[in-house]
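Numbering (mature numbering (1 follows the signal peptide of the UniProt record, and there is no 0)), first residue to last: -21 to -1, 1 to 232.
(1) Identify the continuous beta strand (DSSP E) that holds residue 12 and give its terminal residues.
(2) Could you please give me the residues that DSSP links to residue 84 through a beta bridge?
(3) Who are the Cβ neighbours of residue 145 in its own chain at under 8 Å, not counting the five residues just before and after it?
(4) What number of angstroms, rounded off, separates the C-alpha of residue 98 from the C-alpha of residue 177?
(5) Hey, residue 22 and residue 206: beta-carbon distance below 9 Å or not?
(6) Thinking C-beta only, is residue 172 closer than 9 Å to residue 216?
(7) In three-state DSSP terms, what is residue 181?
(8) Residues in the same chain with beta-carbon distance under 6 Å from residue 199, minus the five sequence neighbours each way, listed in chain order, please.
(9) Residue 17: buried (16+ other C-beta within 10 angstroms of its C-beta) or exposed?
(10) By how many angstroms is the C-alpha of residue 232 removed from the C-alpha of residue 187?
(11) Determine the DSSP secondary structure at residue 133, reduced to helix, strand or coil.
(12) Assuming residue 1 contacts residue 84 under a Cβ cut-off of 8 Å, what Cβ separation, rounded to an integer in Å, is found between them?
(13) Check whether the Cβ atoms of residue 52 and residue 41 sit closer than 9 Å, and answer yes or no.
(14) Within 10 angstroms of the Cβ of residue 58, are there 16 or more other Cβ atoms? Answer buried if so, exposed if not.
(15) By alpha-carbon positions, which one of 26, 224, 45 ends up nearest to residue 13?
(16) Taking only three categories from DSSP, how would you classify residue 191?
(17) Is the region 157 to 169 close to the region 125 to 145, with three or more CB pairs under 8 Å?
(18) CA-CA distance, residue 139 and residue 156?
(19) Buried or exposed, going by whether 16 or more other CB atoms sit within 10 Å of the CB of residue 226?
(20) If I'm right that residue 91 touches residue 39 with Cβ under 8 Å, what's the distance once you round it to whole angstroms?
In structure tokens, the structure reads:
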């Protein structure tokens, strides 16, 4: 699941462009200094290129969030100083053009890469998914109108996940994937990467965290973020448990 629950508008103009065709969102105000700090958190490869594994990711600093989408796995250099060629440069153009407003644009160096600048999520439902939220800190009871979860059902659902001999999580076709979802009776378990990269996490690393999440949240829904286990340098792993009632019948967060 693509879980970037930030308060921003993700619509970018597809109009013909010269150097830039920036879309501004005047009703969403941002602080430039905070946005600079947010984008500085992007992790690059040792060769100063943007990694190809992370297909979408976000970072926040205080009230500013940045979202970068790279569905084709393009890999521009961070130190390519031609205008609008890498995220930091694109961010400066957006903020200078939109002034105090949020905005978005595609990078000229590769128009498959899209950068959006907006506000960080502030509600209790969005905070656990922010990049600054502490890893391994469980959040329980976010789902509303949800039935109770039986812990034994969660354990059974977890045990049904296919794994490699090394303990890496696999999909039902025994292939590496970015998302695992299993259901048993009252419990629905999901483990996924935040950036769409391959889930490299192993049972040996995840099982103790899962057991703690189930124990702490009891009969309620729960979510926890994990620093390691996503193949992409800008990804993290999320693990969630909830009642198996469809999300149309309960409010899923």
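Glycine included, C-beta positions come from ideal geometry on N, C-alpha and C.
In this text the structure is predicted, and so the values were computed from the model without any measurement.
Walking through what the data contain:
(1) Note, residue 12: premise wrong, no beta strand (DSSP E); alpha helix (DSSP H) at 11 to 18.
(2) 94
(3) 181
(4) 28 Å
(5) no
(6) yes
(7) strand
(8) 119, 120
(9) buried
(10) 23 Å
(11) helix
(12) 5 Å
(13) no
(14) Reliability fails at residue 58, whose pLDDT of 48 lies under 50, so the model's placement of it is uncertain and no value is given.
(15) 45
(16) helix
(17) yes
(18) 16 Å
(19) exposed
(20) Contact doesn't hold; Cβ gap of about 24 Å is too wide.
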